[in-house]
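S.K.: Dumping the structure here so I can ask a few things about it.
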Amino acid sequence: MNQSHRHRRGAHTGPLDESRWRCRAEANEKWPEKMDVVERTEEIEVLTVCKEGETCDVDGKYKKMLMPKTERYTVDVNANGNHEYFMGCMGGAGWIQKTIWFGRR
Numbered sequence: 001m002n003q004s005h006r007h008r009r010g011a012h013t014g015p016l017d018e019s020r021w022r023c024r025a026e027a028n029e030k031w032p033e034k035m036d037v038v039e040r041t042e043e044i045e046v047l048t049v050c051k052e053g054e055t056c057d058v059d060g061k062y063k064k065m066l067m068p069k070t071e072r073y074t075v076d077v078n079a080n081g082n083h084e085y086f087m088g089c090m091g092g093a094g095w096i097q098k099t100i101w102f103g104r105r
């Protein structure tokens, strides 16, 4: 690719940017964003007021009970496939990813 090629935004791009742009486009075509609602239910401990004749284990007035709590949220179900495709494409183009950890010594 010649040096005069420009990115959409007009900024000059290098080989890494070119590979990144191409691989991102391919990954998005193969694994487009697909949002789905997922839910998970867990049991949480709550206190309820005791009724007459019940055994009350908290301050003689309340009892502990487990109640279901359901959380719903949206996730991109194609995110992992998109990421794996992108990383494979970048690797195929000769790029490797390095993770550098910064810390105190």
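With UniProt numbering applied, the sequence shown closes on residue 105, and no number is skipped along the way.
Here a beta-carbon is modelled for each residue, glycine too, at the ideal position from N, C-alpha and C.
Residue 61 and residue 50 - do their beta-carbons sit closer together than 8 Å?
M.R.: yes
S.K.: Give a yes or no on whether the C-beta atoms belonging to residue 46 and residue 72 are separated by under 8 Å.
M.R.: no
S.K.: How would you write the range of the alpha helix (DSSP H) that residue 84 sits in, first residue to last?
M.R.: 79 to 92
S.K.: Go to residue 106, then tell me how far its alpha helix (DSSP H) extends in each direction, as first and last residue.
M.R.: Not covered by the structure: residue 106. The range shown for the chain is 1 to 105.
S.K.: Can you list, in chain order, the residues of its chain with a C-beta nearer than 8 Å to that of residue 57? Leave out the 5 residues immediately preceding and following it.
M.R.: 63 and 64
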